[in-house]
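Notes follow the structure.
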Amino acid sequence: MADRPTTPPQNTPPSFSTPASRGSASHGSYSTQHTQEDYLPYLREDLATAKTVTFDHFLELVLPSKTDHPTLQQLKKISEDHRVQASLSKYKAVTVPETSLYQPFVELANQCMELLPTKGAGVDSVFCRNDPAIVRGSRAQRKPDVGIVKSATLRIGHRDSADNLADRGPSGDNAGPAFHWAELLGFYEFKLDDPPVPKAHLPEPRVARPSGSLATTSRAKRPANTSGSSSKRPRSPSPKDERPTKRSNKSTPELQCASYAVELMSHGGLRSHVIGALVTPSTIVMLYYDHSITVKSEPLHFTTDLIPFLTMLSRIASLTLAEWGYPEILRGELKGSEPKGPDPLLDNEKAVDFRGMKLDLANGWTLELDTNIFRAHGLIGRGTCVVGATVIKTTKDDMPEDKRVAVKWTWVPRTRTAESAIIALATAYAKSTENADMLSHLPHVLYSQDFEDLDYPQRPLFEAFRDSYELRTLRITVQEVLHPIANLTTSAELSLAIQGIFKCYRWLYEKVKIMHRDISLGNLMYRQMEGGKVIGVLNDFDFALHLTAIPLSTSKQRTGTKPYMARDLLVPSPPRHLYRHDLESLFYVLASIATGFHEGKPIMSAPLWKWHIFDMGTLLTEKQAFLSQSVVTTTAHFAALRLWILTLRAMFQRGNTARQDHAILVEESMGRVVPVFDEETLGGQVTFDAFAACIGL
């Protein structure tokens, strides 16, 4: 008899973020709706390694000069124009409140843009007030003060013009609808107080400048400063010895700006990067975010030096869609956007999706995309997005048109072996040996394509920061449609799926020499066979490592998805990833489903759902406490799995005890030789055989 549910979940989807690895953009989430409180812990981790450069250097890295950019003489003439001076005087006359800065800045920026020769060279864009309108597309309730949008965007609804939005942004019947995250090219946030002046991490680049072509800020040389890069520490055998420090959840202007960037990267369509700014009555700090780094400029006192301000605006005006961060690989006609054609504008009240857009692949296939299946939320990391799609054109006889598929795009480190290659290796091994039964536990990849030469400033950023910057490739993978393991609603089905996934993982590790390294709720799936039988599938091999491959991946991103990461990996300088870490993650996935899901829906009040919003230090403490508890409360669906959870938890506790006992033995040895502790299995306690016994194999 199937287990009977008794505890219905809350109707509202959880707004928990699920930080992953050391970068927020690999976060797994069953709901891509997030609040500012959810951002702060993991955005603070991302911003801890932000780089500061001079204003000149920021322009060279992010907004490089083009041949048609204005000369110094042209910029001087524009700066002295009576219309620009009138707009500047109007802006400088403002003191308080902060909101009184928005429209004068918009008028100044737009007036300058109109006079620049680069106007129209790129996307036809315009500055507009946004505050107090809440940007559509997520539940984050965010409202950047000023946005940069395509001029065509103002023809939607009653927006009309930047002047029409002067008082209250795109809100109300006379100026709406509110902007969507997919409509904002960039943002400008305002504060009354000048930001602290940080030191640049790199000296000013020695760039040859044509005479009379460009003048920006002071070029005083500064010594290199590597304070933004991660430091190396001795690795600790125990997570207790190296805990991350807890930090205040109080927001700052930098965190506020980063929260806008998160929404643009997660809900603003397919984006490679975001450009924004932090503005005060007299200064401007330029901001840049991509999946590997955050870069900010030193403050420019633009009210007393218009030339570099005009230089920045001229380069903004010449940006193409790709240079704004929209890779031009999708096409389609979208409701509510003009003009029609390749356009990032999406008209969807609640969440960005890609319905109706077409994706043309190099193998001749054309896919029509529809709703999102999964969307990561964050900045640093892979930024995974999975979308349902239908094949509408194919060149293969064995690929019928109208076939339903799943399309995944990720910003993967270039040093990693492609997921499709890892899966192909495992598939070939299974077919060539007596392990054909393992094929049913592997995903079926239909096609994979990399896009490496996208038009955004990866290469100059890598050249500038080297070890602090990770080059990435946009990888699109097409595979069969699978079902999330959390959709299973009985102990019998879930136990069968978990057993199958465990057997597949063990086979991959012992026979094929592949370690998955990202066991998480979002990566465990199932397929329904004829007759209704459930087969567990181990999905998403982006972090997988072929153990015999040389050289190993040099990716700087921590492996795993944070709510499910082993305790050892939650410290600032984690040890080498071991197979027992993946077994611990599999245990956490099982516990999360059994204690926190009802009829395939998450229960917001379930204790383990809090793991999605904790920072590293708090999560480590919570996991230690969870392993020490003697009681496990499952939902009625999964009461039969309570014994599995208790025996697995006892196994990991025995491993902890063995390591602690060995540490005491070493401390009291008085110089005597002590056998080396087996970290691979925590003293023989956490092994494949021990785990198998706990789950009835």
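Sequential numbering from 1 applies to the sequence shown in the UniProt record's numbering.
Cβ atoms here follow ideal geometry from the backbone N, Cα and C, with glycine treated the same way.
Note that the structure is predicted; figures quoted are calculated from it, not measured.
Q | Beta-carbon proximity of D194 to P308, cut-off 8 angstroms | A | Within the sequence shown, numbered from 1, the residue matching residue 194 stands at position 194. Within the sequence shown, numbered from 1, the residue matching residue 308 stands at position 308. The answer is no: Cβ separation not under 8 angstroms.
Point to revise | Closest Cα partner of P144 within the set I134, K562 and H516 | key: Here residue 144 refers to the residue found at position 144 of the sequence shown. That would be I134, whose Cα lies nearest to the Cα of P144.
Given a cut-off of 8 angstroms, decide if S440 and I535 are closer than it, judged by their beta-carbon atoms. On the sequence shown, residue 535 is found 535 positions in, with the first residue counted as 1. On the sequence shown, residue 440 is found 440 positions in, with the first residue counted as 1. In contact: I535 and S440 (Cβ atoms closer than 8 angstroms).
- Does the beta-carbon distance from S100 to V106 come in below 8 angstroms? Walking along the sequence shown from the start, residue 100 turns up at place 100. Walking along the sequence shown from the start, residue 106 turns up at place 106. Against a cut-off of 8 angstroms, the Cβ pair of V106 and S100 comes out as no contact.
Any chain D beta carbon closer than 8 angstroms to A362 | Among the chains in the structure shown there is no chain D, since it carries only a single protein chain.
So V412 and R472 are supposed to be a Cβ contact under 8 angstroms. How far apart are they, rounded?
Within the sequence shown, numbered from 1, the residue matching residue 412 stands at position 412. Within the sequence shown, numbered from 1, the residue matching residue 472 stands at position 472. About 6 angstroms separates the two Cβ atoms, so the contact holds.
Note to self: If contacts are defined as beta-carbon pairs under 8 angstroms, then L330 and M357 qualify, I think. What distance do you get, rounded to the angstrom?
What the structure shows: As a working mapping, residue 330 is identified with position 330 in the sequence shown. As a working mapping, residue 357 is identified with position 357 in the sequence shown. 5 angstroms between Cβ atoms; contact.
**Asked** Thinking C-beta only, is Q499 closer than 8 angstroms to L641?
**Response** Here residue 641 is taken as the residue at index 641 of the sequence shown, counted from 1. Here residue 499 is taken as the residue at index 499 of the sequence shown, counted from 1. No.
| query | Apart from the five residues just before and just after L442, which ones in its own chain have a Cβ nearer than 8 angstroms to its Cβ? | reply | In the sequence shown, counting from the first residue as 1, residue 442 sits at position 442. Around L442: I423, A426, T427, A430, C504, V537 and L538.
Since L184 and G147 are thought to touch, with beta carbons under 8 angstroms apart, how far apart are those beta carbons, to the nearest angstrom? Mapped onto the sequence shown, residue 184 falls at position 184. Mapped onto the sequence shown, residue 147 falls at position 147. Indeed they touch by this definition, with Cβ atoms about 5 angstroms apart.
task: Pull up the CB-CB distance for A162 and V123, whole angstroms please, since I reckon it's below 8 angstroms.
output: Numbered from its first residue, the sequence shown carries residue 162 at position 162. Numbered from its first residue, the sequence shown carries residue 123 at position 123. With a Cβ gap of about 15 angstroms, A162 and V123 do not count as contacting.
Is the stretch 269-286 touching the stretch 169-189 in the sense that three or more CB pairs, one from each, lie closer than 8 angstroms? yes
Subject >> With 16 other Cβ atoms within 10 Å as the buried cut-off, status of K408 >> reply: Here residue 408 refers to the residue found at position 408 when the sequence shown is read from its first residue. So K408 ends up on the buried side.
ask   = Less than 8 angstroms separating the beta-carbons of S297 and T54?
value = In the sequence shown, counting from the first residue as 1, residue 297 sits at position 297. In the sequence shown, counting from the first residue as 1, residue 54 sits at position 54. It is a contact, given that the beta carbons lie within the stated cut-off.
What whole-angstrom Cβ distance do I293 and K562 have, given they're in contact under 8 angstroms? By 1-based counting over the sequence shown, the position of residue 293 is 293. By 1-based counting over the sequence shown, the position of residue 562 is 562. Their Cβ separation, rounded to whole angstroms, is 20 angstroms, which puts I293 and K562 out of contact at 8 angstroms.
| Which of helix, strand or coil does DSSP assign to D145? | As a first step, residue 145 is located in the sequence shown; it is residue number 145 there, counting from the start. Residue state, collapsed to three classes: coil.
### Task
Give a yes or no on whether the C-beta atoms belonging to P327 and S266 are separated by under 8 angstroms.
In the sequence shown, residue 327 corresponds to position 327, counting from 1. In the sequence shown, residue 266 corresponds to position 266, counting from 1. No, the Cβ-Cβ distance between P327 and S266 is not below 8 angstroms.
8 angstroms contact criterion, which residue 704 and Q449 should meet: CB distance rounded
Coverage of the chain is limited to positions 1 through 697, which leaves residue 704 absent and any answer about it impossible.
**Study point:** Sequence-distant residues of the same chain with beta carbon closer than 6 angstroms to P170, five excluded per side
**Key:** Start at 1 with the first residue of the sequence shown, and residue 170 comes out as number 170. Counting only Cβ-Cβ distances below 6 angstroms, and skipping sequence neighbours, we find A133, R159, G176, A178 and F179.
*What are the uninterrupted segments assigned as beta strand (DSSP E) that are 3 or more residues long and contained completely in the stretch 361-385, given in chain order?*
366-375
**Q.** Neighbour-count burial assignment, M529, 16 or more Cβ in a 10 Å radius
**A.** Residue mapping note: residue 529 aligns to position 529 of the sequence shown, counting from 1. When all chains shown are included, M529 counts as exposed.
**Prompt:** Nearest to A594 by CA position, among E584, A606 and T320, is which residue?
**Reply:** As a working note, residue 594 is residue 594 in the sequence shown. It is A606 whose Cα lies nearest to the Cα of A594.
| field | Proximity winner among N487, Y42 and P575, relative to G600 (alpha-carbon distances) | value | The residue labelled residue 600 in the question sits at position 600 within the sequence shown. When each option's Cα is compared against that of G600, the closest is N487.
Taking 7 angstroms as the cut-off, is the beta-carbon of D467 closer than that to any non-hydrogen atom of the ligand MN? In terms of ligand content, the structure shown is empty, and the ligand MN therefore cannot be addressed.
- In chain order, what residues of the same chain have a beta carbon less than 8 angstroms from the beta carbon of D81, not counting five sequence neighbours either side? Within the sequence shown, residue 81 is the residue found at index 81, counting from 1. The residues are L115.
In this structure, what does DSSP give as the bridge partners for residue 728? Because the chain here runs from 1 to 697, residue 728 falls outside it and cannot be looked at.
Please look up how many angstroms separate the CB atoms of L43 and V295, rounded, as I've assumed it's under 8 angstroms.
The sequence position of residue 43 within the sequence shown is 43, counting from 1. The sequence position of residue 295 within the sequence shown is 295, counting from 1. About 15 angstroms separates the two Cβ atoms, so there is no contact after all.
Using DSSP with H/G/I as helix, E/B as strand and the rest coil, what is P675? Translated into the one-based positions of the sequence shown, residue 675 becomes position 675. The answer is coil: DSSP assigns P675 none of H, G, I, E or B.
What three-state label does DSSP hand T473 in the structure shown? As a first step, residue 473 must be located in the sequence shown, where it is residue number 473. Reduced to three states, the DSSP call for T473 is strand.
To which residues of the same chain is Y579 closer than 7 angstroms at the C-beta, ignoring the five residues directly before and after it?
On the sequence shown, position 579 is the one that residue 579 refers to. Excluding positions up to five away in sequence, the list reads Y509 and M515.
Checklist entry - Which value, in whole angstroms, describes the spacing of the CA atoms of Q629 and C128? => result Counted from its first residue, the sequence shown places residue 629 at position 629. Counted from its first residue, the sequence shown places residue 128 at position 128. Between Q629 and C128, the C-alpha separation is close to 54 angstroms.
- Query: Could you give the distance in angstroms between the alpha-carbon of T118 and the alpha-carbon of I78?
  - Reply: Indexing the sequence shown from 1 puts residue 118 at position 118. Indexing the sequence shown from 1 puts residue 78 at position 78. Distance between the alpha carbons of T118 and I78 is about 13 angstroms.
- prompt: alpha helix (DSSP H) containing R580: first to last residue?
  reply: As a first step, residue 580 is located in the sequence shown; it is residue number 580 there, counting from the start. Run containing R580: Y579 to G596, per the alpha helix (DSSP H) assignment.
Alpha helix (DSSP H) containing I535: first to last residue? Along the sequence shown, read from residue 1 onward, the residue named residue 535 stands at position 535. Premise fails: I535 lies in the beta strand (DSSP E), V534 to L538, not in any alpha helix (DSSP H).
Taking the beta carbon of C694 as the centre, do at least 16 other beta carbons fall within 10 Å, making it buried, or is it exposed?
Residue 694 sits at position 694 when you count from the first residue of the sequence shown. With 16 or more Cβ atoms within 10 Å of its Cβ, C694 is classed as buried.
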